[in-house]
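The structure under discussion appears below in the form of structure tokens.
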Amino acid sequence: MKKDENGAYVPASNEFGEAIRNDPTLDDKEFIDANFGDTKDQPYCLPLHHQTKKRIVYWLNEYDPLVDSSDIKLDDWIKIAKDIEKYYDEYDGFVVLHGTDTLAYSTSALSFLLDNLSKPVVCSGAQIAIVEEDSDGHDNLIGALIVAGSCKVPEVTVYFDGKLLRANRCVKLDSISTGAFISPNVDPLAVMDKGIKVNDKEEFKLPENKELSVTDKLCKDVSILYMYPFIRIELVQAAFQEPVQGVVIKSYGAGNLPSNRDDIMEEIKKAVKRGCIVVNTSQCVKGHVHTNYSTGKMLHDVGVIFGADMTTETAFVKLSYILAREDWDLETKKKMMKKSLKGEIDEREEDEEEKEIEHENEKSEEEKMKQYKPL
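Plus 134 on top of the position in the sequence shown (first one is 1) and you've got the working numbering.
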């Protein structure tokens with residue numbers, strides 16, 4: 135990124151590679167010249183890491199044209215996944231650098247598009263452009279590269295502000311702070327604390343089928359309906375209007391809609407009846423939706439799928455992925471929305487989940503950090 139004549143940041147080709155070359159903490163020129171001096175496509179290399187005792191050698195593949203993350207499209211997600219497939223056998227891991235505005239959507243998409251991952255795919259970015267002196271992108275890039283080159287975490291993740299998060303569990307919480315991303319309903323997979331410390335509660339299993347499989351189809355006919363007081367019925371109708379095949383509802387609190395709006399309920403019923411998959415998620419950052427309240431139960435009774443603790447971003451992308459599966463019938467697609475395909479949802483019964491959440495909330499930060507062990 136660089137500033138245009140109006141002082142606004144815009145994507146800029148080749149700026150990033152030059153910034154890396156001129157930063158000795160991101161590129162050990164002496165090592166590169168000694169080992170890759172005659173290489174046409176000369177890589178970059180991090181200095182020797184004190185914990186892993188490894189040097190991370192990496193190559194930069196910059197898209198042309200570069201786009202602002204606010205302009206990301208469904209086809210871009212597929213292109214990134216296909217590029218990882220193209221170079222999969224040549225590298226030990228992959229880092230995807232992405233603007234923060236739509237990072238939660240893109241990383242969730244990659245988690246579903248990439249099947250049988252046996253290598254880490256780490257996504258990261260910056261709140262402040264890496265060409266700026268006070269950029270958080272510097273530390274985020276180093277952390278992402280170390281994870282991709284040293285950790286056996288065979289899934290899509292997000293590295294930001296010293297934390298490694300499951301990609302389809304994270305949300306952007308802050309538009310300014312460098313700690314922009316959190317995974318509100320699950321602990322980080324790892325933290326950077328004088329070296330990498332991995333969450334001892336996580337079991338990272340390699341797939342039985344080692345061959346990477348990439349899906350190249352997603353359904354575009356998905357919408358998000360944000361519920362608010364006195365919403366006009368015309369807006370509700372627009373969200374469910376054909377050719378829409380799936381709708382994610384962002385409901386109040388634990389999954390509730392107005393109890394006195396028969397017109398809204400009627401539109402939902404009509405959509406479900408014609409085969410539209412409707413998923414209920416919460417407007418709250420943390421927690422899950424359930425049927426404890428009458429309005430929530432009404433939704434469940436008409437065929438709305440409760441998204442448990444899925445983020446809205448993940449529910450949206452997962453719905454797009456599932457609707458594009460031509461090998462699944464409608465009932466199978468509905469069942470799969472409730473299942474954990476890539477660790478994106480807690481499948482436990484509501485009362486069991488609530489007890490675990492209550493127990494975790496009672497822990498101090500010091501107690502929580504004890505579950506992270508050095509790599």
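Note that beta-carbon positions come from the ideal geometry of N, C-alpha and C, so glycine has one too.
Since the model is a prediction, treat every value here as computed from it, not as a measurement.
- Per DSSP, the beta bridge partners of residue 300 are 291.
- Boundaries of the beta strand (DSSP E) harbouring residue 357: 356-360, taken from the DSSP string.
- Contact between residue 352 and residue 204 is absent: CB atoms are separated by about 19 Å, not below the 8 Å threshold.
- Note on residue 254: 16 or more other CB atoms within 10 angstroms of its CB, so buried under the neighbour-count rule.
- In the three-state scheme derived from DSSP, where H, G and I count as helix and E and B as strand, residue 466 is classed as helix.
- Membership of residue 455 in the alpha helix (DSSP H) is indicated by the continuous run 446-457.
- For a cut-off of 8 Å, the C-beta gap from residue 381 to residue 416 is around 15 Å, too long to register as a contact.
- Annotated as proximal: residue 264 and residue 150, with beta-carbon spacing under 9 Å.
- Contact annotation: the segment 471-481 does not touch the segment 267-277, with fewer than three C-beta pairs closer than 8 Å.
- Below 8 Å, enough C-beta pairs join the segment 293-307 and the segment 323-336 to call them touching: three or more.
- Contact between the segment 208-228 and the segment 361-368 is not established, with fewer than three Cβ pairs separated by less than 8 Å.
- Taken in chain order, the whole alpha helix (DSSP H) runs of length 4 or more contained in the segment 344-397 are 367-374.
- Looking at the backbone, the Cα of residue 502 and that of residue 320 are separated by about 12 Å.
- Within the same chain, Cβ atoms closer than 6 Å to the Cβ of residue 403 are found at 436, the five residues on either side in sequence being excluded.
- In the DSSP assignment, residue 178 forms a beta bridge with 192.
- For residue 170, no beta strand (DSSP E) segment is defined; the enclosing uninterrupted segment is the alpha helix (DSSP H) at 163-170.
- Taking 8 Å as the upper bound for CB-CB distance, residue 191 and residue 181 are not in contact here, some 12 Å apart.
- Just so you know, the alpha carbons of residue 425 and residue 137 end up roughly 50 Å apart.
- With 16 or more other CB atoms across the displayed protein chains lying within 10 angstroms of its CB, residue 232 is buried.
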